[in-house]
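Student: Residue numbers (the working numbering), protein chains in the order written: chain A, 1 to 390; chain B, 391 to 780. A virtual CB, placed ideally from N, CA and C, is assigned to each residue, including glycine. Given the structure is predicted, the values throughout are model-derived calculations rather than measurements. One structure is given below, represented as structure tokens, and several questions about it will come after.
Protein chains: 2
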Amino acid sequence: MKKISRRSFLKTNLTAAVAAAAAGPLFTACSNAANVNRKTSLGSGKMKMSFRGVDLQLRHTFTISGFSRDVTPNIQVRLEYDGVVGYGEGGLPPYMTGQNVQTASEFLSKINLDQFSNPFLVEDILRYVDGIAPGMTCAKSAFDIALHDLIGKLVGQPCHRLFGYNPEKTPNTCYTIGIDTEEVVRQKTLEAAPYKILKVKLGVDEKTDKMLVNTVRSVSDKPMVVDANQGWKDKHLALDMICWLKEQGIMMVEQPMPKTVFDDMAWVTAHSPLPTFADESCQRLVDVPKLHGVFTGINLKLIKCSGLHEARQMIATAEALGMKVMIGCTTESSCAISAAAQIAPRMEYADLDGPLLITNDMFDGIKFIDGKITLNDRPGIGAELMTPWE
Amino acid sequence: MKKISRRSFLKTNLTAAVAAAAAGPLFTACSNAANVNRKTSLGSGKMKMSFRGVDLQLRHTFTISGFSRDVTPNIQVRLEYDGVVGYGEGGLPPYMTGQNVQTASEFLSKINLDQFSNPFLVEDILRYVDGIAPGMTCAKSAFDIALHDLIGKLVGQPCHRLFGYNPEKTPNTCYTIGIDTEEVVRQKTLEAAPYKILKVKLGVDEKTDKMLVNTVRSVSDKPMVVDANQGWKDKHLALDMICWLKEQGIMMVEQPMPKTVFDDMAWVTAHSPLPTFADESCQRLVDVPKLHGVFTGINLKLIKCSGLHEARQMIATAEALGMKVMIGCTTESSCAISAAAQIAPRMEYADLDGPLLITNDMFDGIKFIDGKITLNDRPGIGAELMTPWE
Chain A
1 MKKISRRSFL KTNLTAAVAA AAAGPLFTAC SNAANVNRKT SLGSGKMKMS
51 FRGVDLQLRH TFTISGFSRD VTPNIQVRLE YDGVVGYGEG GLPPYMTGQN
101 VQTASEFLSK INLDQFSNPF LVEDILRYVD GIAPGMTCAK SAFDIALHDL
151 IGKLVGQPCH RLFGYNPEKT PNTCYTIGID TEEVVRQKTL EAAPYKILKV
201 KLGVDEKTDK MLVNTVRSVS DKPMVVDANQ GWKDKHLALD MICWLKEQGI
251 MMVEQPMPKT VFDDMAWVTA HSPLPTFADE SCQRLVDVPK LHGVFTGINL
301 KLIKCSGLHE ARQMIATAEA LGMKVMIGCT TESSCAISAA AQIAPRMEYA
351 DLDGPLLITN DMFDGIKFID GKITLNDRPG IGAELMTPWE
Chain B
391 MKKISRRSFL KTNLTAAVAA AAAGPLFTAC SNAANVNRKT SLGSGKMKMS
441 FRGVDLQLRH TFTISGFSRD VTPNIQVRLE YDGVVGYGEG GLPPYMTGQN
491 VQTASEFLSK INLDQFSNPF LVEDILRYVD GIAPGMTCAK SAFDIALHDL
541 IGKLVGQPCH RLFGYNPEKT PNTCYTIGID TEEVVRQKTL EAAPYKILKV
591 KLGVDEKTDK MLVNTVRSVS DKPMVVDANQ GWKDKHLALD MICWLKEQGI
641 MMVEQPMPKT VFDDMAWVTA HSPLPTFADE SCQRLVDVPK LHGVFTGINL
691 KLIKCSGLHE ARQMIATAEA LGMKVMIGCT TESSCAISAA AQIAPRMEYA
741 DLDGPLLITN DMFDGIKFID GKITLNDRPG IGAELMTPWE
């Protein structure tokens with residue numbers, strides 16, 4: 001192997017950088033001239049973390065079976081290393097019991113990153129963070145996203161590229177229509193004009209559920225999926241509803257039955273004319289093998305599973321089991337949504353309409369172009385903070 | 391967001407690159423100044439692939455139950471993109487039925503990479519390559535390794551860092567002692583002085599197996615694992631042998647019974663005082679869930695599973711199932727071994743002694759320092775070709 005001195009090494013790199021920058025993308029200069037067959041540096045110093053609670057304002061009062069709200073609290077994380085800053089976020093919807101801005105902040109304040117020499121030690125860092133306390137997956141996910149954003153920026157590549165996904169293969173986002181009166185449902189359906197797939201929340205009772213679907217169908221013949229949010233307590237009702245939904249052109253049903261009802265749910269899936277996806281039944285990695293034969297697929301949400309790192313392990317496990325994957329979200333800004341979108345190319349369905357449902361998005365991130373999730377080429381999660389971090 | 395013209399963008403980057411290169415590692419210039427919140431480029435052009443067959447010369451005639459050899463043929467892949475070159479390799483041991491230099495070359499010659507705009511489309515590319523023909527995992531792995539090496543070099547980071555592993559957490563490599571006469575076994579054990587863990591190949595018959603272990607133990611009290619290579623056909627014999635091995639201070643047993651014997655193997659594992667690892671029973675990702683409850687863990691070999699990408703999915707699936715992971719190899723140079731070592735930090739055991747057993751290693755790669763697998767900071771798989779590619 002040819003050996004060169006540090007002096008000629010630097011000279012070669014700088015010459016190449018100047019030539020490449022004049023000729024084309026800087027990436028060429030960084031990777032080809034400088035990084036091949038050289039030692040790579042990790043930067044230096046310690047990681048610094050800060051976090052804050054933020055209230056996201058909803059465009060419409062949002063209702064799913066059991067809850068109604070106008071605002072969603074949210075935890076955001078800022079992680080700095082070597083002058084580079086990564087951001088992360090986790091929604092804190094009321095159904096994530098015990099997780100709110102106060103408990104999330106308490107959790108994050110326990111994280112001591114001084115013990116880690118650099119942010120690339122992802123497995124060690126996330127194992128440590130996960131072990132600090134059980135649960136707290138919204139805060140864990142906010143931290144995980146900030147770490148991925150930071151690493152992508154340090155490496156100079158979008159996460160989706162580091163994950164090996166084809167950014168063109170993202171699905172259309174579902175646009176969610178909550179449980180509401182006929183008039184509001186009709187109005188929301190019309191507002192969803194730019195979006196190609198509707199997701200209707202069900203699970204109230206048979207009559208209301210049918211009203212909701214019929215109301216949407218009265219003004220739209222778009223592809224539709226439904227989320228029953230554990231609403232159908234009896235397996236025969238669940239199957240009857242699914243068969244009826246199939247006739248209305250629905251494509252998929254999420255969480256038809258209560259989350260711990262596995263045997264009946266396996267029976268429903270075995271007889272169902274539509275694919276079934278686990279949402280509440282599927283929280284973290286260890287849940288995935290248990291759902292094999294119970295559901296057709298799983299709905300990943302970063303706030304459930306603790307972030308991108310574990311989500312990717314769940315995707316691998318689902319692939320091993322022949323199960324489908326989709327991704328969902330809660331009310332989140334373009335920070336968490338851009339992070340979730342990094343794995344969207346691998347998803348059968350994606351329900352990432354969070355930023356569309358709020359009025360105070362402080363991040364500029366991935367876009368929905370004619371409803372299609374559209375990734376960008378920015379490093380990390382592809383989101384930029386548009387207002388000062390306070 | 392502040393907007394800057396292309397002209398001032400280039401100027402800023404170059405100034406930063408010059409300043410940073412003068413001050414310290416180029417990484418700082420590449421990542422911090424240039425890549426943060428900028429569009430990242432993919433390079434341009436097409437990937438170009440070539441490949442060749444190579445014979446690796448063994449130091450000792452190697453015997454495992456059923457086979458004996460002095461040479462191992464090997465397929466090596468060279469993948470070029472945008473002036474950057476990645477290398478990959480797959481051993482072609484005789485037990486990989488139907489895989490030899492000719493069939494591997496025929497397989498690789500079918501790969502048409504013109505349809506892919508860049509090497510980062512890992513999921514698409516590997517899915518396509520895997521779909522060209524069933525089996526052919528040695529060639530597929532050689533290709534997968536070259537792709538990972540190329541990407542690491544394009545990004546300017548070692549694969550282990552892109553995978554999020556702590557390079558300090560690599561295990562000691564096992565040093566393999568094949569089936570041979572007492573004298574040769576004793577000699578090989580003494581030659582293994584620098585290595586901390588011995589792996590003894592068994593599976594001949596009870597008497598020979600005990601002779602092999604006793605011979606090693608007569609000159610060494612090092613930690614030992616054994617590989618029975620499917621040799622024990624009866625579950626009671628298997629369990630008796632494992633109990634006896636436990637008394638000799640053996641730590642783990644690989645593939646005690648024939649690869650398709652699952653029920654009896656589950657019984658053995660349930661009663662075994664030692665962890666059991668699947669080798670021949672575990673080829674690819676879809677096998678992993680089927681081995682839950684049958685073995686304690688799985689032995690990954692890149693030539694079995696088609697490469698690093700699938701190996702990482704298998705690690706995730708094993709984690710979901712609470713199963714342990716180890717990594718093995720065949721007779722391979724420092725190319726394939728350096729690739730396998732990228733995931734070694736996650737492994738319970740690592741049997742990566744391939745380069746130690748050959749006399750014509752044409753790559754300089756990861757090292758064994760006092761027996762410990764020692765990763766380097768080079769981008770990609772960390773191996774450099776030391777002789778011309780012909």
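Scan the segment 141 to 174 of chain A for residues whose Cβ lies nearer than 7 Å to a Cβ of chain B and list them as they occur along the chain.
Tutor: Those would be Lys153, Leu154, Val155, Gly156, Gln157, Pro158, Arg161, Leu162, Gly164, Tyr165, Asn166, in chain order.
Student: For a quick check, are the C-beta atoms of A/Gly156 and A/Pro355 less than 7 Å apart?
Tutor: Residue numbering aside, residue 156 of chain A sits at position 156 when the first sequence is read from its first letter. Residue numbering aside, residue 355 of chain A sits at position 355 when the first sequence is read from its first letter. No; because the gap between Cβ atoms is not below 7 Å, this pair is not in contact.
Student: Could you tell me which of A/Lys48, A/His160, A/Ile145 sits nearest to A/Phe116, measuring between CA atoms?
Tutor: By 1-based counting over the first sequence, the position of residue 116 of chain A is 116. Per the Cα distances, A/Lys48.
Student: Leaving out five residues before and five after A/Pro388 in sequence, what residues of the same chain have Cβ atoms less than 8 Å from its Cβ?
Tutor: Looking up residue 388 of chain A in the first sequence gives position 388. There are no such residues.
Student: Report the residue from A/Lys188, A/Thr208, A/Thr374, A/Gly86 whose alpha carbon sits nearest the alpha carbon of A/Glu384.
Tutor: The residue labelled residue 384 of chain A in the question sits at position 384 within the first sequence. Closest option to A/Glu384, Cα to Cα, is A/Gly86.
Student: Secondary structure at B/Thr560, three-state DSSP: helix, strand or coil?
Tutor: Along the second sequence, read from residue 1 onward, the residue named residue 560 of chain B stands at position 170. B/Thr560: coil per DSSP, three-state reduction.
Student: Do you know offhand how far B/Val574's Cα is from B/Arg442's?
Tutor: Within the second sequence, residue 574 of chain B is the residue found at index 184, counting from 1. Within the second sequence, residue 442 of chain B is the residue found at index 52, counting from 1. Going by the C-alpha atoms only, they are around 34 Å apart.
Student: How many angstroms separate the CA atom of B/Asp781 from the CA atom of B/Ile748?
Tutor: No answer is possible for residue 781 of chain B: the residues shown for chain B start at 391 and end at 780.
Student: If you measure between the beta carbons of A/Ile303 and A/Arg346, is that distance less than 7 Å?
Tutor: Position 303 of the first sequence, counted from the first residue, corresponds to residue 303 of chain A. Position 346 of the first sequence, counted from the first residue, corresponds to residue 346 of chain A. No, these two residues do not count as a Cβ contact at 7 Å.
Student: How about A/Phe120: is its C-beta nearer than 7 Å to some C-beta of chain B?
Tutor: Against the first sequence, residue 120 of chain A aligns to sequence position 120. Judged by the 7 Å Cβ criterion, A/Phe120 is in contact with chain B.
Student: Measuring only the C-alpha atoms, how far is A/Asn376 from A/Leu285?
Tutor: Counting from 1 along the first sequence, the entry for residue 376 of chain A is found at position 376. Counting from 1 along the first sequence, the entry for residue 285 of chain A is found at position 285. Approximately 28 Å, taken between the alpha carbons.
Student: Select from A/Thr61, A/Leu274, A/Asp264 the residue whose C-alpha is nearest the C-alpha of A/Trp244.
Tutor: Translated into the one-based positions of the first sequence, residue 244 of chain A becomes position 244. Measuring from the Cα of A/Trp244, the nearest candidate turns out to be A/Leu274.
Student: In chain B, which residues lie with their C-beta within 8 Å of the C-beta of A/Val444?
Tutor: What the structure shows of chain A is the stretch from 1 to 390, and residue 444 of chain A is not part of that stretch, so it cannot be assessed.
Student: Using a Cβ cut-off of 7 Å (strictly closer), state whether B/Gln703 contacts chain A.
Tutor: Start at 1 with the first residue of the second sequence, and residue 703 of chain B comes out as number 313. For B/Gln703, the answer is yes, since a Cβ of chain A falls inside 7 Å of its Cβ.
Student: Contact between the segment 103 to 113 of chain A and the segment 128 to 146 of chain A: three or more CB pairs below 8 Å?
Tutor: Touching, yes, given that three or more Cβ pairs across the two stretches are closer than 8 Å.
Student: Return no unless some Cβ of chain B is closer than 7 Å to the Cβ of A/Lys2.
Tutor: Reading the first sequence from its first residue, position 2 is the one you call residue 2 of chain A. Bear in mind that the predicted position of A/Lys2 carries a pLDDT of just 39, short of 50, making it too unreliable to give a figure here.
Student: Which value, in whole angstroms, describes the spacing of the CA atoms of B/Leu540 and B/Ser440?
Tutor: Against the second sequence, residue 540 of chain B aligns to sequence position 150. Against the second sequence, residue 440 of chain B aligns to sequence position 50. The alpha-carbon atoms of B/Leu540 and B/Ser440 are separated by roughly 13 Å.
Student: Can you tell me which of the three DSSP states A/Gln157 falls into?
Tutor: Taking the first residue of the first sequence as 1, we reach residue 157 of chain A at position 157. Looking at A/Gln157 - three-state DSSP - the assignment turns out to be coil, as it is neither helix nor strand.
Student: Compare the C-beta of A/Thr391 with all C-beta atoms of chain B and state if any pair is closer than 7 Å.
Tutor: Residue numbering for chain A in the displayed model covers 1 to 390; residue 391 of chain A lies beyond these limits and cannot be assessed.
Student: Using 10 angstroms around the beta-carbon of A/Glu390, count the other beta-carbons present and answer buried if the total reaches 16, otherwise exposed.
Tutor: In the first sequence, counting from the first residue as 1, residue 390 of chain A sits at position 390. Per the 10 Å Cβ criterion, exposed.
Student: In the DSSP assignment, the alpha helix (DSSP H) including A/Met265 goes from what residue to what residue?
Tutor: Along the first sequence, read from residue 1 onward, the residue named residue 265 of chain A stands at position 265. A/Met265 -> alpha helix (DSSP H) spans 263 to 271.
Student: Considering only C-alpha positions, which residue in the set A/Ser281, A/Met265, A/Ala320 is nearest to B/Pro679?
Tutor: As a first step, residue 679 of chain B must be located in the second sequence, where it is residue number 289. Here the closest residue by C-alpha is A/Ala320.
Student: Could you give the distance in angstroms between the alpha-carbon of A/Asn112 and the alpha-carbon of B/Val651?
Tutor: On the first sequence, residue 112 of chain A is found 112 positions in, with the first residue counted as 1. On the second sequence, residue 651 of chain B is found 261 positions in, with the first residue counted as 1. Going from the Cα of A/Asn112 to the Cα of B/Val651 covers about 48 Å.
Student: How would you label A/Met323, buried or exposed, when you count the other beta carbons within 10 angstroms and need 16 or more for buried?
Tutor: As a working mapping, residue 323 of chain A is identified with position 323 in the first sequence. Burial call: buried.
Student: Give the secondary structure of A/Ile179 by DSSP, where H, G and I count as helix, E and B as strand, and everything else as coil.
Tutor: To locate residue 179 of chain A, count along the first sequence from 1; it is residue 179. The answer is coil: DSSP assigns A/Ile179 none of H, G, I, E or B.
Student: Could you give the first and the last residue of the continuous alpha helix (DSSP H) run that contains A/Tyr195?
Tutor: For the purposes of this step, residue 195 of chain A is taken as residue 195 along the first sequence, with counting starting at 1. Segment: none, A/Tyr195 is in no alpha helix (DSSP H) and carries neither H nor E.
Student: At 3 residues or longer, what runs of the beta strand (DSSP E) sit wholly inside the segment 437 to 473 of chain B?
Tutor: 438 to 454, 457 to 471, all fully within the segment 437 to 473 of chain B.
Student: Go ahead and label A/Ala193 buried or exposed: buried means 16 or more other beta carbons lie within 10 angstroms of its beta carbon, across all protein chains shown.
Tutor: Position 193 of the first sequence holds residue 193 of chain A. Its Cβ having fewer than 16 others within 10 Å, A/Ala193 is exposed.
Student: With DSSP run on the structure shown, which of helix, strand or coil describes B/Ala423?
Tutor: Within the second sequence, numbered from 1, the residue matching residue 423 of chain B stands at position 33. For B/Ala423, the pLDDT reaches just 36, beneath the cut-off of 50, and the residue's location in the model is therefore unreliable, leaving the point undetermined.
Student: Taking Cβ-Cβ distances shorter than 7 Å, what residues in chain A pair up with B/Asp514?
Tutor: As a first step, residue 514 of chain B is located in the second sequence; it is residue number 124 there, counting from the start. Result: Asn166.
Student: What are the boundary residues of the beta strand (DSSP E) that B/Asn689 is part of?
Tutor: Within the second sequence, residue 689 of chain B is the residue found at index 299, counting from 1. 687 to 690 is the span of the beta strand (DSSP E), which, as asked, contains B/Asn689.
Student: How would you write the range of the beta strand (DSSP E) that A/Thr276 sits in, first residue to last?
Tutor: Here the question's residue 276 of chain A lines up with position 276 in the first sequence. Start and end: 276 to 278.
Student: With respect to the beta strand (DSSP E) encompassing B/Lys714, which residues constitute its N-terminal and C-terminal limits?
Tutor: For the purposes of this step, residue 714 of chain B is identified with residue 324 of the second sequence, where counting begins at 1. Note, B/Lys714: beta strand (DSSP E), 714 to 717.
Student: Nearest CA to the CA of A/Gln248: which residue from A/Pro256, A/Ser220, A/Thr374, A/Val268?
Tutor: By one-based count along the first sequence, residue 248 of chain A stands at place 248. Nearest of A/Pro256, A/Ser220, A/Thr374, A/Val268 to A/Gln248, Cα basis: A/Ser220.
Student: How about B/Leu775: is its Cβ closer than 6 Å to a heavy atom in the ligand ZN?
Tutor: For the ligand ZN, the structure offers nothing, since it holds no ligand at all.
Student: Would you call the segment 508 to 520 of chain B and the segment 546 to 562 of chain B in contact, with 3 or more CB pairs under 8 Å?
Tutor: Taking 8 Å as the limit for Cβ pairs, the verdict is that the segment 546 to 562 of chain B does not touch the segment 508 to 520 of chain B.
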